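Counting from 433, one number per residue, gives the positions in the sequence shown under the working numbering.
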Amino acid sequence: RRERLRRRARDRSATMARDDVASQRDDARKRREKRRELRTAIDAARVNQEELQKPECDDLERAVDAADAMNEGVDKPREMCLDMEHYGQLAAFSLERTKRLGPRGGAAVSAKAFLQSLRRRWGEEVRWERLGT
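1) If you run the structure through DSSP and keep just helix, strand and coil, what is serine 526?
2) Do the segment 515 to 525 and the segment 442 to 458 meet, that is, are 3 or more Cβ pairs less than 8 Å apart?
3) How long is the line joining the alpha carbons of alanine 501 and alanine 473, rounded to whole angstroms?
4) Roughly how far, in whole angstroms, is the beta-carbon of valine 506 from the beta-carbon of lysine 466, given that I think they are within contact range, below 8 Å?
5) Find out if the Cβ-Cβ distance for the pair aspartate 475, serine 549 is shorter than 8 Å.
6) Go ahead and label phenylalanine 546 buried or exposed: buried means 16 or more other beta carbons lie within 10 angstroms of its beta carbon, across all protein chains shown.
7) Note down the Cα distance separating arginine 494 from arginine 532, rounded to an integer number of angstroms.
8) Given that a residue counts as buried once 16 or more other Cβ atoms are within 10 Å of its Cβ, and exposed if not, what is proline 487?
9) Please report the distance separating the alpha-carbon of leucine 397 from that of glutamate 483.
10) In three-state terms, what does DSSP make of alanine 445?
11) In or out: alanine 543 buried (at least 16 other Cβ within 10 Å) or exposed?
12) Under the three-state reduction of DSSP, which class applies to lysine 531: helix, strand or coil?
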């Protein structure tokens, strides 16, 4: 009876060890995919840098929303480093975008460009009550 209990304990510990190894491999695979996704986003932002810095373009806001979505599940240092690099890059683009507006700030954007931006964001029908007239 003791021998049978020992065998069961060994079998359980071997099964648990296999499960741990499988879990670690799966975690490592997910982290590699997350790093690949972050590197792709960094490269895409670098390629589209000029477009992201245009004051009349909504691409920067979409890029920040995508970065926020990618931020979910980032908890290891290597992924955090890439995530912060991406956020730093987007912040630099935002700073350049603000500089391009000039000393007049938002007043430098024409009413036509502003309305076109609203239409791109909310579709053809702009709901002024939602925007707070």
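We put the beta carbon where it would ideally sit given N, CA and C, even for glycine.
Values in this document were obtained by computation on a predicted structure and should not be read as measured data.
The structure says:
1) Helix at serine 526.
2) Verdict: no, contact absent.
3) The straight-line gap from Cα to Cα measures roughly 12 Å.
4) Cβ-Cβ separation between valine 506 and lysine 466: approximately 7 Å, consistent with a contact (criterion under 8 Å).
5) No, Cβ-Cβ distance for aspartate 475 and serine 549 is not below 8 Å.
6) Its Cβ having fewer than 16 others within 10 Å, phenylalanine 546 is exposed.
7) Answer to the nearest angstrom: the Cα atoms are 19 Å apart.
8) The residue is buried, with at least 16 neighbouring Cβ atoms inside 10 Å.
9) For residue 397 there is no data in the structure shown, the boundaries of the chain being 433 and 565.
10) The sequence shown places serine at residue 445, not alanine. Under the three-state reduction of DSSP, serine 445 is assigned to helix.
11) With fewer than 16 other Cβ atoms within 10 Å, it is exposed.
12) Here lysine 531 sits in helix by DSSP.
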